[in-house]
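What follows is a short report on a single structure.
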Amino acid sequence: MIPANDSGAAMTFETFIETAQPFYQALAANNSKDWWEANRATYDKAIKPTALALLDEIAPRLSDLLGDPVTTKLFRPHRDTRFSKDKTPYKTHLHVLWQVNEGRQPVAYFFGIEPDQVRIGGGMMAMEKDVLDDWRKFVDLDAPRVARIMDGVKTAGFALRDPELVRVPRGFAPDHPNADLLRLKSVIATRPLGGTGPLCDRIMDGLKEFKPLGDLLLSVACA
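Counting in our numbering, the sequence shown runs from 314 upward without gaps.
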């Protein structure tokens, strides 16, 4: 059993990863209700309150950077298994979001602790049809600018999630210079957290590097 904070108080940000990651490693190896109930004090008394405090700490700094208000989200630990063949009950990671809600669909800035990595990034998940149509227009009509932004985030170490579509959508040339971007239905880019120093500063450094893509997605959402 992984011990919870004896005082019941949240851990500090600087011990967050080193406490949370072993918890999720152990959960991945023992994903059952019995294990969760035996160890849930670590989540309830240490991991969850620290995650909420981290969301609150970063939110005003990110809002100042973006020039827009942000909302926060801590994903619940239980998996929705209703339509999944995988019936394991718990998520083996901690994911949090800061969201800009100025357009038709939120743009998310992301931080996650997983058993084998800690990631930073963001994007727009499962774009709605009208937003997806406008994304494709941006990618097509402003191809050089979009390519520059994507090259910039890739240079900063971010990797895009693989395209959902096998082929370029109808109406676009198969050899379009941004063909891979046209095949996306979600635009998600993440990289390892990296860096040294205080956790909040490292998170902000990563979110700043993601910002050009976040700004592009906000332009699409507000088109």
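Ideal Cβ positions, reconstructed from N, Cα and C, are used throughout, including at glycine. These numbers come from a predicted model, not from an experiment.
TODO: Please list, in chain order, all residues of the same chain as V533 whose beta carbon is under 7 Å from its beta carbon, the five residues on each side excluded.
DONE: V444, D447, W448, F451
Task: For T384 and N414, the rounded distance between their alpha carbons - done: 8 Å
Open item on the list: Going by the DSSP bridge assignment, what does V500 pair with across the sheet?
Closed with: M437
Task: Alpha-carbon spacing of A333 relative to P525, whole angstroms - done: Each residue's Cα considered, the two are about 30 Å apart.
TODO: Go ahead and pull the three-state DSSP assignment for K386.
DONE: Strand, per DSSP.
Open item on the list: Once the 5 residues before and after V420 are set aside, which same chain residues still bring their CB inside 8 Å of it?
Closed with: Q412, V413, G435, G436, M437, G527, L530, L531, A534
Task: Identity of the residues DSSP links to H408 by a beta bridge - done: For H408, which the question treats as bridged, DSSP gives the partners G425.
Open item on the list: According to DSSP, simplified to helix, strand and coil, what is L473?
Closed with: strand
- [ ] Could you tell me the boundaries of the alpha helix (DSSP H) in which V533 lies?
- [x] Where V533 is concerned, the enclosing alpha helix (DSSP H) stretches over 512 to 534.
Open item on the list: Looking only at its chain, what residues have a beta carbon closer than 6 Å to the beta carbon of W348, apart from the 5 residues adjacent to it on each side?
Closed with: Residues of the same chain with their beta carbon placed closer than 6 Å to that of W348 are lacking, with the five preceding and five following residues left out of the count.
- [ ] Decide if E522 is buried, meaning its Cβ has at least 16 other Cβ atoms within 10 Å, or exposed.
- [x] buried
Task: Three-way DSSP call (helix, strand, coil) for A317 in this model - done: At A317, the pLDDT of 47 sits below 50, so the modelled position is not reliable and the matter cannot be decided from this model.
- [ ] State the DSSP-derived secondary structure class of V479, mapped to helix, strand or coil.
- [x] In this structure, V479 counts as coil in the three-state DSSP scheme.
Task: CA-to-CA distance, R374 to P382, given in whole angstroms - done: 10 Å
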